[in-house]
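Read the structure below first, then the notes.
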Amino acid sequence: MKLSELRKRSFIEKVMLHCHDQSLYLVSVILDSEERYVTDDKGDFLKSFNKLSLQAKFKGLVIGKMVLRHQSPYDEMIGLSEEQTDNTLEVLIGGEAYAYDASGDESFH
1 MKLSELRKRS
11 FIEKVMLHCH
21 DQSLYLVSVI
31 LDSEERYVTD
41 DKGDFLKSFN
51 KLSLQAKFKG
61 LVIGKMVLRH
71 QSPYDEMIGL
81 SEEQTDNTLE
91 VLIGGEAYAY
101 DASGDESFH
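Numbering-wise, the sequence shown is residues 1 to 109 according to the UniProt record's numbering.
Written as C-alpha cells, this is what we have:
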C-alpha cells in the first residue's frame, strides 16, 4: 500500500518497523486485520537505515500502535529444528497505546 494512500485514512491499527540485517528497516501496517507492506509512490518498499526517519513519515496520522519488530534467524543458523517457531520480538515505540494522557491527575515517577 502506498504511503500517500495511508495518509488519507482516519486510523491505522498498527505500524510495524521490521528490523532486518545491518539495521535496515522495512515498514508494514495492519489495516482491517490484514498486514500490508508500505511503498512510496514509485512502488518501492518504504525502507531506511534510520528508524526515526520512518517514524517521522507517519507524523500527524492517528495510529493505534507503532512497534519495532525483529525476527531472529538464530535457531536456523545453529541448526535447530526445521519446525516453524515464532521468535518475534515486538517493542512498542509509538501510537495511541504509547501516548501519555497529560489530562489525567496521575503522574509517572
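All residues carry an ideal CB built from backbone N, CA and C; glycine is no exception. Small disclaimer: the values here were computed from a predicted structure and weren't measured.
Cβ-based neighbour list, residue i, same chain, cut-off 8 Å, excluding 5 preceding and 5 following
{"i": "residue 7", "result": "61"}
Of the residues the options, the one placed nearest residue i, counting alpha carbons only
{"i": "residue 89", "options": "48, 16, 12", "result": "16"}
{"i": "residue 45", "options": "19, 69, 31, 26", "result": "26"}
{"i": "residue 33", "options": "11, 86, 94, 78", "result": "11"}
{"i": "residue 21", "options": "91, 94, 49, 65", "result": "49"}
{"i": "residue 95", "options": "37, 56, 24", "result": "56"}
Three-way DSSP call (helix, strand, coil) for residue i in this model
{"i": "residue 23", "result": "helix"}
{"i": "residue 57", "result": "coil"}
{"i": "residue 114", "result": "The chain is shown only over 1 to 109; residue 114 falls outside these bounds and no answer can be derived."}
Beta-ladder partner(s) of residue i, from DSSP
{"i": "residue 45", "result": "39"}
{"i": "residue 15", "result": "29, 66"}
Sequence-distant residues of its chain with Cβ nearer than 7 Å to residue i (five each side left out)
{"i": "residue 41", "result": "2, 4"}
{"i": "residue 70", "result": "19, 89"}
Contact set for residue i: own chain, Cβ-Cβ below 6 Å, skip 5 residues either direction
{"i": "residue 87", "result": "72"}
{"i": "residue 109", "result": "Residue confidence for residue 109 is low, a pLDDT of 39 falling below 50, so the modelled location carries little weight; the figure read from the coordinates is stated next. So no residue of the chain qualifies."}
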